[in-house]
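Working notes, beginning with the structure itself.
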Amino acid sequence: MPRPRLIILSDLDGTLLDHHGYGFEPARPVLARLERLNIPVVLSSSKTAAEMAQIAALMPGVARWPFVCENGAGIVWPDDAAQTDREDWHRLRAFMQCLPSDLRGCLTGFGDLGPDGIAAATGLSRASAVLAGERQFSEPCLWTGDDAGLKRLARECAAHGIKAQQGGRFLTLGFGHTKASRVDDVRRALAAEMIVALGDAPNDRDMIAAADMGVVVPNPAGPAPNGFGPDANIIHAPAPGPAGWAGAVTTILDDIGFDEKGKTAHG
Ligand SMILES: [Mg+2]
Numbered sequence: 000m001p002r003p004r005l006i007i008l009s010d011l012d013g014t015l016l017d018h019h020g021y022g023f024e025p026a027r028p029v030l031a032r033l034e035r036l037n038i039p040v041v042l043s044s045s046k047t048a049a050e051m052a053q054i055a056a057l058m059p060g061v062a063r064w065p066f067v068c069e070n071g072a073g074i075v076w077p078d079d080a081a082q083t084d085r086e087d088w089h090r091l092r093a094f095m096q097c098l099p100s101d102l103r104g105c106l107t108g109f110g111d112l113g114p115d116g117i118a119a120a121t122g123l124s125r126a127s128a129v130l131a132g133e134r135q136f137s138e139p140c141l142w143t144g145d146d147a148g149l150k151r152l153a154r155e156c157a158a159h160g161i162k163a164q165q166g167g168r169f170l171t172l173g174f175g176h177t178k179a180s181r182v183d184d185v186r187r188a189l190a191a192e193m194i195v196a197l198g199d200a201p202n203d204r205d206m207i208a209a210a211d212m213g214v215v216v217p218n219p220a221g222p223a224p225n226g227f228g229p230d231a232n233i234i235h236a237p238a239p240g241p242a243g244w245a246g247a248v249t250t251i252l253d254d255i256g257f258d259e260k261g262k263t264a265h266g
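FYI, numbering that gives the first Met the number 0 numbers position 113 of the sequence shown as 112, with every residue one higher than the one before it.
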């Protein structure tokens with residue numbers, strides 16, 4: 000039976016990476032198996048392209064494929080000039096600078112914070128904060144105003160084609176792309192016939208639902224993606240983080256029939 004052109008689309012923190020740190024060792028053998036099978040692994044994270052390129056370079060086979068950065072705001076190809084194109088971010092910063100002063104005064108973006116401020120606001124090391132500050136497609140902000148101000152800000156954003164999405168801590172300005180809206184971009188770009196999406200948090204929920212098969216990786220530290228319909232094709236990984244990722248992907252590959260001796264998936 001012909002096997003589908005399979006794509007693995009994966010969140011990083013708490014999914015393919017440990018909750019604390021950048022460890023992914025339990026998943027390394029499965030990443031190597033995917034590389035031998037020529038099955039793309041597309042990373043999808045809130046991190047910047049600068050952060051993700053460093054992580055992808057450590058993983059077998061992953062750096063050849065595009066990745067979705069800044070929570071879906073951007074999709075970047077290896078060696079693409081887009082990896083350094085900051086036009087969208089500069090448009091967002093220009094919008095912020097033109098806001099009425101009372102709104103602007105309550106809105107502090109990564110571009111205002113700088114690496115030390117980003118480190119303080121996020122708990123990242125300074126070196127990681129430098130990479131996190133290399134925004135290209137979106138601007139995470141701290142909002143210190145009231146609800147009425149937030150409503151006015153939303154109207155200002157809408158008038159400029161900008162969306163403000165409230166995350167756990169940051170109000171992120173962007174142009175409306177999300178991890179979920181990038182599923183179809185990935186499908187087209189790589190001519191995928193089957194996308195398996197893996198994630199551990201509510202912000203992965205719609206990406207998982209938009210894929211052909213979803214894997215919920217258990218998150219001992221917070222809420223899980225939930226609210227899937229009865230027809231959703233969802234499985235639950237057997238463990239948190241990269242160990243669970245490896246277990247779930249192994250099961251899927253075995254079930255579809257991607258054995259090690261078979262032909263490669265993509266010619
Ligand atoms: Mg996560």
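Yeah, the Cβ is synthetic: ideal placement off N, Cα and C, and Gly gets one too.
As the structure is a prediction and not an experimental result, all values here were calculated from the model.
Residue span of the alpha helix (DSSP H) that contains M212, given as start and end: If you look at M212, you'll find it isn't in any alpha helix (DSSP H); it sits in the beta strand (DSSP E) that goes 212-215.
Next on the checklist: Distance check for A93 and T263, CA to CA, integer angstroms please.
Outcome noted: Unreliable placement is indicated for T263, whose pLDDT of 47 sits below 50; the coordinate value is still reported in the next sentence. Between the alpha carbons of T263 and A93 lies a gap of roughly 48 Å.
| Given a threshold of 16 other Cβ atoms within 10 Å of its Cβ, counted over all protein chains shown, does P99 qualify as buried or as exposed? | Taking all protein chains shown into account, P99 has fewer than 16 neighbouring C-beta atoms within 10 Å of its C-beta and is therefore exposed.
| said: Tell me which residues share the same chain as E133 and place their Cβ nearer than 7 Å to its Cβ, disregarding the 5 neighbours each side in the sequence. | reply: Correct list, in chain order: T47, A49.
Given this structure, state the Cα-to-Cα distance separating M193 from R2, to the nearest angstrom.
Straight through space, the alpha carbons of R2 and M193 are spaced by roughly 10 Å.
C97 burial status per 10 Å Cβ neighbour count (16 or more: buried):
An exposed status is given to C97, since fewer than 16 other beta-carbon atoms sit within 10 Å of its beta-carbon.
### Query
Is it buried or exposed for R32, if we count other Cβ within 10 angstroms and need 16 for buried?
Counting every other CB atom within 10 Å of its CB across the protein chains shown gives R32 a total of 16 or more, marking it as buried.
Where does I74 fall in DSSP's three states? DSSP places I74 in the strand class (E or B) of the three-state scheme.
Next item on the list: Report the partner residues of P201 according to the DSSP bridge assignment.
Entry: As DSSP reads the structure, P201 sits in no beta bridge.
Coarse secondary structure for T121, derived from DSSP in three states: DSSP, read as helix, strand or coil, puts T121 in helix.
ask   = So is the beta-carbon of G198 under 7 Å away from any non-hydrogen atom of ligand 1?
value = Yes - ligand 1 has a heavy atom lying nearer than 7 Å to the Cβ of G198.
Using only CA atoms, which one of P77, V215, P59, G167 lies nearest to G246? Distances from the alpha-carbon of G246 to those of P77, V215, P59, G167 put V215 closest.
*asked:* What ranges does the alpha helix (DSSP H) occupy inside the segment 22-93, keeping only unbroken runs of at least 4 residues that lie completely in it?
replied: Taken in chain order, the complete alpha helix (DSSP H) segments of 4 or more residues contained in the segment 22-93 are 27-35, 48-57.
- Query: Which term fits G241, buried or exposed, when burial requires 16 or more other beta carbons within 10 angstroms of its beta carbon?
  - Reply: Here residue 241 turns out to be Pro, not Gly, going by the sequence shown. Buried is the call here.
Taking its Cβ as the centre, do 16 or more other Cβ atoms sit within 10 Å of N232, making it buried, or is it exposed? Looking at its Cβ environment, which holds fewer than 16 other Cβ atoms inside 10 Å, N232 is exposed.
Would K162 and G148 qualify as a contact pair, given that the criterion is a beta-carbon distance under 8 Å? No; because the gap between Cβ atoms is not below 8 Å, this pair is not in contact.
Taking only three categories from DSSP, how would you classify L170?
Look at L170 here: in three-state DSSP terms it is strand.
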